[in-house]
Amino acid sequence: MAYNFHFDSVDLPPEAKELRQEVRAFLRQEIEAGSFSPHSGKGGLNKAFARKVGARGWIGMTWPKEYGGQERSHLERYVVIEEMLAHRAPTRSFSTADRQSGPMILRYGQEEVKRDILPRIASGELCFCIGLSEPNSGSDVFAASTRATKTEGGWLVNGRKIWTSNAHNSDYMIALLRTSPPTKENRRHGLTQFLIDCKSPGITIRPIINLTGQHDFNEIFFDDVFVPDLHMIGEVDNAWKQASDELAYERSGPDRWLETFSSLTELVRVAGPEPSDKLAEGIGREVAHLATLRRMSVSVAGMLHAGKTPAVEAAVVKDLGTNWEQALPNKVRLMAPVRGDSDPDSNDDRFEEALRHTTLIAPKVTIQGGTREVLRGIIARGLGLR
Amino acid sequence: MTDNIIVDTATRIFADLCEPQTVNAAEEGQWPQALWDALEESGLTLTWVPDNLGGAGAEMMDGFAVLRAAGRAAAPVPLAETLMAGWLLAQAGLNAPAGPMTFAPVHEDGNLTLGADGKLRGRARHIPFARRAGHIAVLATRDRAPVVALVAAEGLGIREGASLAGEPQDTVTFDGAAAIASGPAPAGLDPAAVSRLGAAVRCQQMAGALEHILDQSVQWSLDRVQFGRPIAKFQAVQHNLAALAGEVAAAGAAADAAAEAISEHGILGETVPAEVAVGKVRVGEAAGDGAAIAHQVHGAMGFTYEHSLHQSTRRLWAWREEFGNEALWAERLGHMVAERGADALWPFLTQGS
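Protein sequences appear in the order of chains A and B.
Per this note's numbering, residue 3 is the first one in the first sequence, and the count goes up by one each step.
Per this note's numbering, residue 195 is the first one in the second sequence, and the count goes up by one each step.
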């Protein structure tokens, strides 16, 4: 056989099932209290919500207790994340740190930093962003040229990062910086990861408004920004070794197939309990895709839980998941029953809002966190084609 | 190699005795006796028959895994049908005979009856491999109650037909055929329930066929040189094959979900209709999209009868239609979801996990 991708079935443990009910009850309570609305696309920053989630022990929940974690399993974390996403909870201020930055610091950070930063992430206090893309290095992350130059007690950073989501709200950034030129043998050599305090002197953040009219992206200028030695993460010049471990976590999660889910939920709402057979068929097809994606995603979570690194399987889930969620709003649009003026009681606001929101965000889902083209390249390598 | 001895045995038998020429010869009417004998001697044909009824008494999942391997090999024998016939007989506590079997009806509106005289009446269309079967397991009604009957195929009226894959798909007329044995079936076991199992079985076979065409397409792309290099080196081809790999992976996962639901809860289990619907819709879509990519990668060579690609792709096109196609199962699934309502959609997706 040329390949051997496995998506074995994973039965979530009883504690994960219990946790799901707990999370649902919490979210219901928050919605009732007006802390957020599951029907609004404006997922603004909600620090108060982050602190409540932190108090429940649901941020950094797999980390060791000594760093503020709960030592719970990846499968339990999975359940928390998918419930948050399915209910459109405002996770923006803590999701990046929980998913990527925290685990990176835990694994490669220096002890003093771990003790200082991780408990504050877990409590919902700290917000993180990721400094990867630059004007001339997007998908080709290892072409990064923003420099960190050695100086007394630390490093001086000069250059520019772009497309940095949420930087204007963030306390810290983990940035990939050039510390040496690439070598002939390894073009990925020479990059190092650093923890950077976003309030450091020399940092200028310029907003980039996206097509939905929101401020999420930023362009960040570094002008002799000092970063202490203590904030170097992992080995100097060898960040490429650290980066690939992360991807299996980043690429298979529920955020890779739930971003436009609200359009399907609201379609089911306007369809009512007795839709036409044609509409039922349309809904059924999408539910079949979604149920299969979820099963595959849970399967990858199970592999991670078992200590494996299913990088290709994760790429498969993200490729299938993002293509599906991207196409969904357009299918929903064409399936929706036409509702004009004849029904005086009709109230399609939620449906229209969900469709507007998901249509506008659809283009980004096959770009962020690794483009479709990058993912297919990874899968092709897994198949032995390159 | 897997960690399952039953699946390994099946895979070895298919590798030894199910070459592409065997598959083509079967389409021309040559019964692959050696292949069938090997499957029967190893007990694989009675995987779904409990040991007290003369079978192998294996787990339901083992049978599904064997059928995945059979699908991979495009095995031109009624293995799936014999497994299902044995399963159906076991529902009524009937012993399974040796030799190839099939079952009837395959359609949900099947209406065969068993009279007080012990004779079967009615006609069943699209019965796979009927002309090759020694016996047929029949789900009929006797005074409106479900009953399973075993009947010898000899002497039945069989009008020959063929599936899109060139496999026997016959119309069987039972009028007056005497049942060798019969017994009441559990309440609720109706043609729709049999059809659910049939759909889950075809999902496994399709998942296997998809795995095979991915292997075949990858290998072909590495061997075929054009413009001075293997076509596998072209990014457009790589991306097509990556998309095929995604369909194969999704089909495998969806097929297993349906199989596990049946294995765990039985064919009358509450969650089974939804899991089977998800499976038949998703695997059926993968069959169509996956076959199209495999053919594109193979170019003109894959469109010849000489090349074996059609043995898998024609089966995919046939199987996606049997026991309800994507449209039918999607419609059912959509109604299940709509009936529960929008706020129940997410709990519905996460039920059981």
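Backbone N, C-alpha and C define an ideal beta-carbon position, used for all residues, glycine too.
Assigned exposure category for residue i - 16 Cβ within 10 Å defines buried
i	result
H291 (chain A)	buried
D321 (chain A)	buried
L211 (chain B)	buried
H433 (chain B)	buried
F51 (chain A)	buried
F517 (chain B)	buried
P299 (chain B)	buried
R117 (chain A)	exposed
Q23 (chain A)	exposed
V419 (chain B)	exposed
L336 (chain A)	exposed
F208 (chain B)	buried
Q545 (chain B)	exposed
G372 (chain A)	buried
N246 (chain B)	exposed
I210 (chain A)	exposed
V340 (chain A)	exposed
K186 (chain A)	exposed
G249 (chain B)	buried
N188 (chain A)	exposed
F9 (chain A)	buried
F353 (chain A)	buried
Y499 (chain B)	exposed
I199 (chain B)	exposed
L385 (chain A)	buried
Residues that DSSP places opposite residue i in a beta bridge
i	result
L1 (chain A)	The structure shown does not extend to residue 1 (chain A), since chain A spans only 3 to 388, so no value can be given for it.
K186 (chain A)	Note: K186 (chain A) sits in no beta bridge, so no partner.
M295 (chain B)	B:H329
D199 (chain A)	A:Y174
I132 (chain A)	A:I176
T335 (chain B)	B:T307, B:P340
M254 (chain B)	The partner list for M254 (chain B) (beta bridge, DSSP) is empty, contrary to what the question assumes.
S236 (chain B)	According to DSSP, S236 (chain B) bridges with nothing at all.
G351 (chain B)	B:T367
M234 (chain A)	A:F196
I211 (chain A)	A:H217
P256 (chain A)	Answer by DSSP bridge pairing: none, since P256 (chain A) is not bridged.
N240 (chain A)	A:L193
I205 (chain A)	A:F224
Beta-carbon proximity of residue i to residue j, cut-off 8 Å
i	j	result
W259 (chain A)	S299 (chain A)	yes
Q505 (chain B)	V217 (chain B)	yes
E17 (chain A)	E78 (chain A)	yes
V475 (chain B)	E515 (chain B)	no
N212 (chain A)	H170 (chain A)	no
L543 (chain B)	Q410 (chain B)	no
T367 (chain B)	F323 (chain B)	no
C129 (chain A)	S95 (chain A)	yes
E479 (chain B)	R266 (chain B)	no
G482 (chain B)	A488 (chain B)	no
L233 (chain B)	L273 (chain B)	yes
F328 (chain B)	A347 (chain B)	Phe is not the amino acid found at residue 328 (chain B); the sequence shown has Gly there. Going by C-beta atoms, G328 (chain B) is nearer than 8 Å to A347 (chain B).
D225 (chain A)	S167 (chain A)	no
E391 (chain A)	A524 (chain B)	Past the edges of chain A, shown from 3 to 388, lies residue 391 (chain A), and the structure says nothing about it.
P244 (chain B)	G237 (chain B)	no
F28 (chain A)	R74 (chain A)	no
V376 (chain A)	A439 (chain B)	no
G473 (chain B)	A532 (chain B)	no
E315 (chain A)	F38 (chain A)	no
G349 (chain B)	A381 (chain B)	no
A373 (chain B)	L333 (chain B)	no
Check: residue i C-beta below 7 Å from any heavy atom of the ligand NAP
i	result
C129 (chain A)	With respect to the ligand NAP, the structure shown offers nothing to examine, as it has no ligands at all.
Open item on the list: Restricting to runs no shorter than 3 residues, where is the beta strand (DSSP E) found entirely within the region 356 to 420 of chain B?
Closed with: 363 to 367, 375 to 378, all fully within the region 356 to 420 of chain B.
- [ ] Kindly provide the ranges of any alpha helix (DSSP H) runs that are 4 or more residues long and lie completely inside the region 256 to 317 of chain B, ordered along the chain.
- [x] Qualifying alpha helix (DSSP H) stretches, in chain order: 273 to 285.
Task: Segment contact flag, the region 146 to 162 of chain A with the region 174 to 186 of chain A, C-beta cutoff 8 Å, min 3 pairs - done: The region 146 to 162 of chain A, when compared against the region 174 to 186 of chain A, does touch it at the 8 Å Cβ threshold.
- [ ] Specify whether the region 359 to 370 of chain A and the region 322 to 333 of chain A touch according to this definition: at least 3 beta carbon pairs, one from each stretch, less than 8 Å apart.
- [x] Taking a cut-off of 8 Å on C-beta distances, the region 359 to 370 of chain A touches the region 322 to 333 of chain A, as three or more cross pairs fall below it.
Task: Touch test, the region 455 to 463 of chain B against the region 293 to 310 of chain A, Cβ-Cβ under 8 Å, three pairs minimum - done: Segment contact: the region 455 to 463 of chain B against the region 293 to 310 of chain A, fewer than three CB-CB distances shorter than 8 Å; contact not assigned.
Open item on the list: With three or more C-beta pairs closer than 8 Å as the rule, is the region 447 to 459 of chain B touching the region 260 to 269 of chain A?
Closed with: Between the region 260 to 269 of chain A and the region 447 to 459 of chain B there are fewer than three C-beta pairs closer than 8 Å, too few to call the two in contact.
Open item on the list: Count Cβ pairs between the region 337 to 353 of chain B and the region 374 to 381 of chain B that sit closer than 8 Å; are there 3 or more?
Closed with: Counting C-beta pairs closer than 8 Å gives three or more between the region 337 to 353 of chain B and the region 374 to 381 of chain B, which meets the contact rule.
- [ ] Quick one: which unbroken alpha helix (DSSP H) runs of 4-plus residues sit fully inside the region 426 to 488 of chain B? Chain order, please.
- [x] You should have 429 to 459.
Open item on the list: Check whether the region 54 to 72 of chain A and the region 222 to 237 of chain A touch, using three or more Cβ-Cβ pairs below 8 Å as the test.
Closed with: Too few Cβ pairs lie closer than 8 Å, so no.
- [ ] Could I get the ranges of all uninterrupted beta strand (DSSP E) runs contained in the region 20 to 85 of chain A, with 3 residues as the minimum, in chain order?
- [x] Contiguous beta strand (DSSP E) elements confined to the region 20 to 85 of chain A do not occur, taking only those with 3 or more residues.
Task: Any alpha helix (DSSP H) of 4 or more consecutive residues that is wholly inside the region 316 to 373 of chain A - done: Fully enclosed alpha helix (DSSP H) runs of 4 or longer: 351 to 363.
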